[in-house]
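Start counting at 1 in the sequence shown, then tack on 121, and there's your number in this note's numbering.
Idealized CB from N, CA, C, for every residue including glycine.
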Amino acid sequence: MAVDYDPSLDQLLVSPEIISDPYPIYHRLRAQDPVHWSDAWGCWVLTRYDDVVLALRDHRRFTNVGRIAAFLDQLPDDVRARIRPLYENFTTGMPNTDPPEHTRVRNLVNKAFTTRVVEGMRPRVQEIVNDLLDEAESGGTIEVIRDFAYPLPAIVIAETLGVPAEDRDQFKEWSDDIVAFHGTGRPHVETILKSTEALLETKEWLLELIEARRRQPQDDLISALVAAEERGDVLNETELVATCITLLTAGHETTTGLIGNGLLALLRNPDQLQMLRDNPDLIGTAVEEFLRFDTSFLRAWRLTAEDVEIGGQQVPKGQTLSLMLGAANRDPAKFEEPDRLDITREPNLHTSFGWGIHFCAGAPLARREAEIAFTTLLRRFPRIELDEAGVEWQQNNTFHNLKSLPIVVQ
Ligand code: HEM
């Protein structure tokens, strides 16, 4: 059922309330206009579980190819000329290609994150968690984001790839700047120019690192990717650089968000917190529920590869769809009492890692990191209290991440 364009619904997408609690707005959109054309965002906004999953699964009709270019194409010519490197980077690599290019790179990366490989990383992740908590706990208070949820995934992915410890802070900054343009509804010139600058600096730094590994391979992922590039048939240099950048950026803010948003949800639901304390074996289903309840990555994008009908709406070829993962995860047609945190929820087929061929390559790693982080926090601190007044969200409509999450521990 198509409805007339409703400007008041569209205003909600750019309202301040959407930042801290997008779910009431998603519920309204899903109920009133589940395939909504947004002037504010310049794309279609899909909020029903079935529509979101259908688009994620059908890469032939809903493609990843050209989706970032379509977003950047909205900019004036002079700006577009200045951001060529951004175009180039975001037309290569897994998230921006479909088969066969996608399959080739993806098969390679999959090997680095199998459940077995990730299990082998467990002792090191535990060590990092312990060290961070030792450092963070001073005077009984912890700023969870700054001191724990943010550095943990950054250190893990940096070590996996083989980024030297002294370069870590720099790469975190670049990584934040590169992905920043994703968080704007329509392209924002200043943010995009900053993303481009960060990308160029990251590229230069990566090429040096790649050269060093070429001369002297180590036991890390960059060396494995370089070896694949040297075999010639698997990865070219542009893909190699784009893949490193994807890995450095994709698993960072998202995992920070899983830990931050999950802990916030748990502290705001003391019965669930107590249940997890009493039954630590529930950690597996609890992490899935944190992912569903308040995902840190609210939306994926696709372009229509042909004229399609979705959710009763006709969408012409070449248009951008925002697939609202956060909205799909709260769809009452799929999840009973979707606004309730239930750490025992099963089945829990949330969309937070996507679906289909682009399903998150780092999901096993993110799950393990979160399990170890929550289990250790709860074991170590018999009492954790939220400092509600200090809770602050980032201004972003793609990444739903906390800026600060202060807690008092005992
Ligand atoms: C809680 C943490 C994470 C969340 C919520 C998350 C979410 C997602 C989602 C939704 C997608 C699919 C996007 C789409 O279909 O357009 C995706 C793809 C991807 N993620 Fe994650 N991710 C997380 C952690 C990680 C980690 C730790 C890594 C790697 C170290 C990673 C690497 C990737 C890669 C490489 C892709 C692209 C896969 C492809 O296109 O085939 N992610 N992620």
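Proximity below 7 Å, CB of residue i to CB of residue j
i, j, result
"Glu-490", "Thr-376", "yes"
"His-471", "Asn-450", "yes"
"Lys-455", "Tyr-170", "yes"
"Val-300", "Ile-493", "no"
"Gly-475", "Ala-421", "yes"
"Ala-371", "Phe-414", "no"
"Leu-397", "Leu-320", "no"
"Thr-519", "His-303", "yes"
"Arg-182", "Glu-427", "yes"
"Leu-133", "Ile-146", "yes"
"Thr-496", "Ile-404", "yes"
"Ala-448", "Arg-151", "yes"
"Gly-187", "Leu-424", "yes"
"Thr-262", "Asp-219", "no"
"Arg-501", "Gln-531", "no"
"Glu-513", "Lys-524", "yes"
"Leu-254", "Pro-272", "no"
"His-180", "Ala-275", "no"
"Ala-257", "Phe-269", "yes"
"Leu-327", "Val-355", "no"
"Arg-178", "Gly-511", "no"
"Leu-412", "Ser-473", "yes"
"Phe-234", "Leu-486", "yes"
"Leu-196", "Pro-308", "yes"
"Ile-140", "Gln-434", "no"
"Lys-324", "Asp-298", "no"
Inter-residue CB distance, residue i and residue j (contact presumed, cutoff 8 Å)
i, j, result
"Ser-417", "Asn-522", "5 Å"
"His-157", "Leu-130", "6 Å"
"Leu-419", "Leu-388", "Actually they are not in contact, since the Cβ atoms of Leu-419 and Leu-388 sit about 21 Å apart, beyond 8 Å."
"Val-265", "Leu-384", "6 Å"
"Thr-317", "Ile-189", "Between Ile-189 and Thr-317 the Cβ distance is about 12 Å, and since that is not below 8 Å, they are no contact."
"Ile-249", "Val-230", "Going by Cβ atoms, the distance from Ile-249 to Val-230 rounds to 22 Å, so no, they are not a contact pair."
"Val-436", "Trp-165", "6 Å"
"Ala-348", "Pro-338", "7 Å"
"Pro-155", "Gly-432", "5 Å"
"Asp-468", "Pro-459", "A small correction: the amino acid at residue 468 is Pro; Asp does not occupy that position in the sequence shown. That belief does not hold up - the Cβ atoms of Pro-468 and Pro-459 are roughly 14 Å apart, past 8 Å."
"Trp-295", "Glu-332", "So it is not a contact: roughly 18 Å between Cβ atoms."
Taking 8 Å as the cut-off, does the segment 449-465 touch the segment 404-417 (at least 3 CB pairs, one atom from each stretch)?
Contact holds: three or more Cβ-Cβ distances are below 8 Å.
Counting only runs of 3+ residues fully inside the segment 436-463, write out the beta strand (DSSP E) ranges in chain order.
The qualifying runs are 441-445.
Closer than 8 Å is the cut-off here; do at least three beta carbon pairs connect the segment 273-286 with the segment 337-344?
Cβ pair count under 8 Å is three or more, so yes.
Quick test of the definition: if touching needs 3 or more C-beta pairs under 8 Å, does the segment 202-221 touch the segment 364-380?
Because the criterion of three Cβ pairs below 8 Å is met, the segment 202-221 and the segment 364-380 touch.
Can you list, in chain order, the stretches of the beta strand (DSSP E) that have 3 or more residues and sit fully within the segment 365-447?
420-425, 429-431, 434-436, 441-445
Could you give the uninterrupted runs of the alpha helix (DSSP H) lying entirely in the segment 148-186, keeping only those of 4 residues or more?
170-178
Those runs of the alpha helix (DSSP H) which lie wholly inside the segment 469-509 and span at least 4 residues
484-501
Any chance you could list the beta strand (DSSP E) runs of at least 3 consecutive residues sitting entirely within the segment 219-298, in chain order?
Counting only runs that start and end inside the segment 219-298, the beta strand (DSSP E) elements of at least 3 residues fall at 262-264.
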